[in-house]
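As structure tokens, the structure follows; a few thoughts come after it.
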Ligand SMILES: Cc1cc2nc3c(=O)[nH]c(=O)nc-3n(C[C@H](O)[C@H](O)[C@H](O)COP(=O)(O)OP(=O)(O)OC[C@H]3O[C@@H](n4cnc5c(N)ncnc54)[C@H](O)[C@@H]3O)c2cc1C
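In my numbering, the protein residues as written are 1 to 493.
This is the structure:
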């Protein structure tokens with residue numbers, strides 16, 4: 001059997017960005033603007049992949065007016081349940097409005113909404129019309145292609161970071177099926193979360209925990225991995241669609257199989273608009289939940305939720321079945337206000353990071369986070385690269401990174417991946433118990449045993465399963481370590 005091996009080495013660049021979602025694209029733009037020779041590698045097409053594409057494009061942030069800002073700060077802190085990094089969180093609250101303001105110069109199709117305060121009007125939200133992230137990601141990709149000299153390579157899966165003497169030297173990636181070394185003075189890790197450790201997820205299929213595993217493999221620790229937001233507002237039949245929660249202020253309601261509006265009681269004072277984790281658990285506890293639009297304002301539906309209006313037109317006789325799905329990872333590589341990590345030259349931004357949102361995230365804050373920290377990470381990486389000479393990648397770093405790579409063979413890993421996603425959904429999702437999580441760890445150990453002996457036909461599938469498995473184990477162990485319920489982590493025992 002042939003062992004998968006490194007075949008090519010590319011010319012060095014100053015800044016290499018991993019990930020073509022919004023955080024990666026903002027980082028690349030900031031690095032290029034700061035004068036760095038910049039390369040962006042993305043597993044899916046940059047601007048056409050990752051959760052940024054399927055997002056609803058809603059950016060919420062603390063308005064500039066002091067009173068409104070303090071109100072937001074209080075909500076941001078309350079939702080985090082006391083486990084967020086206070087310095088990073090405070091920096092975010094104070095600087096997000098400025099970052100959103102600066103974004104206007106890109107000419108992106110974002111519409112800003114304002115709140116009155118004193119004599120002024122202060123932006124607090126920006127979104128596309130209709131609310132589709134793809135409108136934004138495509139516009140940003142066009143900006144990169146036409147207004148910058150950033151080089152983008154789509155369809156390249158980064159497998160590992162190359163680190164020598166505590167400093168990043170580049171990455172090993174799969175390009176056209178071959179392992180290729182990409183040397184770089186600085187690297188920005190921006191490859192998103194890991195919703196695909198679960199059988200039910202709103203995430204795109206390329207979001208497989210690659211950043212968590214890559215960071216941990218070179219010695220970085222992760223934080224808050226037990227906190228995963230489960231999104232309750234998703235129609236899964238007759239066709240998948242996300243529900244914009246404002247719909248519940250315009251007559252839509254959830255009903256259970258018996259036709260009861262089960263969230264209209266003292267236990268749920270805000271009804272269907274309780275916190276996402278509360279709604280997710282309420283739905284999870286029912287045998288079937290449906291979105292009832294009988295009393296929903298038709299003009300609102302057509303204007304604000306055209307995807308749902310279309311489903312209703314196409315399937316007039318069918319009930320719209322709703323179920324919670326894994327949505328957002330609050331945990332990850334610890335995020336500091338300057339996006340640096342404990343590896344020199346390695347910067348992080350976006351959903352791969354942890355510590356900003358603590359135990360739970362406020363709606364609309366993830367996209368704002370990509371704007372603020374994407375720019376900071378890219379700018380920081382460019383500054384770091386400017387201070388050093390290009391050095392050759394050390395063969396020892398390549399050998400270390402690729403040491404565990406498997407022999408090529410014919411094994412198909414799809415069944416192992418399915419088992420992993422199923423056990424995580426059954427035992428470590430919306431509602432958790434000690435026994436269930438221990439059972440999950442046993443099942444994951446069995447999956448790992450088979451994984452370690454395999455000879456994959458497809459190295460990309462192997463890398464993704466390696467990353468999913470590592471992330472699933474990290475989530476389960478972190479969840480077991482936390483005996484109490486907090487934020488999105490809910491234990492019934
Ligand atoms: C359905 C849905 C709706 C949402 N709506 C909102 C919203 O309205 N407002 C809000 O604030 N948040 C929302 N979120 C959350 C938000 O979209 C994400 O947190 C955010 O887009 C993450 O951006 P990112 O750039 O960090 O990662 P992503 O957008 O997920 O991008 C990751 C990128 O990295 C690439 N990649 C992954 N692994 C590798 C690798 N090994 N090598 C190279 N490239 C790699 C991927 O191909 C992709 O290009 C939503 C999420 C979902 C799933």
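By construction, the Cβ of each residue, glycine as well, lies at the ideal position given by its N, Cα and C atoms.
Our two residues, residue 26 and residue 376, have alpha carbons roughly 9 Å apart in a direct line. Residue nearest to residue 385 within the set 399, 34, 374, 235 is 34 (criterion: CA-CA distance). When DSSP states are grouped into helix, strand and coil, residue 302 belongs to the helix group. Not a single heavy atom of ligand 1 lies less than 7 Å from the C-beta of residue 411. Just measuring C-alpha positions, the residue of 421, 6, 37 sitting nearest residue 17 is 37. A distance criterion of 7 Å places the beta-carbon of residue 185 beyond contact range of ligand 1, judged by its closest non-hydrogen atom. Residue 367 is not bridged by DSSP to any residue. Looking at the DSSP output, residue 229 sits in a beta bridge with 328. At least one heavy atom of ligand 1 is found less than 7 Å from the C-beta of residue 20.
Placement of the Cβ of residue 58 at a distance of less than 7 Å from at least one heavy atom of ligand 1 is found.
Between residue 119 and the set 288, 66, 264, the nearest pair of CA atoms involves 66. Separation of residue 290 and residue 280 (C-alpha to C-alpha, rounded to the nearest whole angstrom) is 13 Å.
Taking the Cβ atoms as the reference, residue 345 lies roughly 5 Å from residue 167, within the contact range of under 8 Å.
Short of 7 Å from the beta carbon of residue 198, and not among the five residues preceding or following it, lie these beta carbons of its own chain, in chain order: 326, 421, 424, 425, 429.
The shortest C-alpha to C-alpha distance from residue 139 to any of 150, 157, 107 is the one to 107. In the three-state reduction of the DSSP assignment, residue 411 falls in the strand class, which pools E and B. Distances from the CA of residue 170 to each of 223, 40, 361 were compared; the closest alpha carbon is that of 40. For residue 351, the CB falls within less than 7 Å of some heavy atom of ligand 1. For residue 55, the CB contacts under 7 Å within the same chain, skipping 5 residues up- and downstream, are 133, 367 in chain order.
With fewer than 16 other Cβ atoms from the protein chains shown falling within 10 Å of its own Cβ, residue 435 counts as exposed. Cβ neighbours of residue 248 within its own chain (closer than 6 Å, five residues either side excluded): 272, 273. For residue 43, the secondary structure class from DSSP, reduced to helix, strand or coil, is coil. Within the stretch 94-173, the complete alpha helix (DSSP H) segments of 4 residues or longer fall at 133-147, listed in chain order.
Taking each of 225, 153, 254 in turn and checking the Cα distance to residue 294, the smallest one comes out for 254. Only residues of its own chain outside the window of five on either side were considered, and among them 347, 380 have a CB closer than 7 Å to the CB of residue 340, listed in chain order. By DSSP's assignment, residue 480 forms no beta bridge with any residue. Within the stretch 169-247, the runs of alpha helix (DSSP H) at least 4 residues long that lie entirely inside it are, in chain order, 210-217. Residue 191 and residue 258 have their C-alpha atoms spaced approximately 43 Å apart.
For residue 42, the CB falls within less than 7 Å of some heavy atom of ligand 1. DSSP places residue 14 in the strand class (E or B) of the three-state scheme.
The three-state secondary structure of residue 466, taken from DSSP, is helix. DSSP places residue 354 in the strand class (E or B) of the three-state scheme. Taken from the Cβ of residue 39, every heavy atom of ligand 1 lies 7 Å or farther away. Note on residue 443: 16 or more other CB atoms within 10 angstroms of its CB, so buried under the neighbour-count rule. For residue 398, the enclosing alpha helix (DSSP H) starts and ends at 395-402. Relative to the Cα of residue 394, the nearest Cα in the group 162, 136, 116 belongs to 162.
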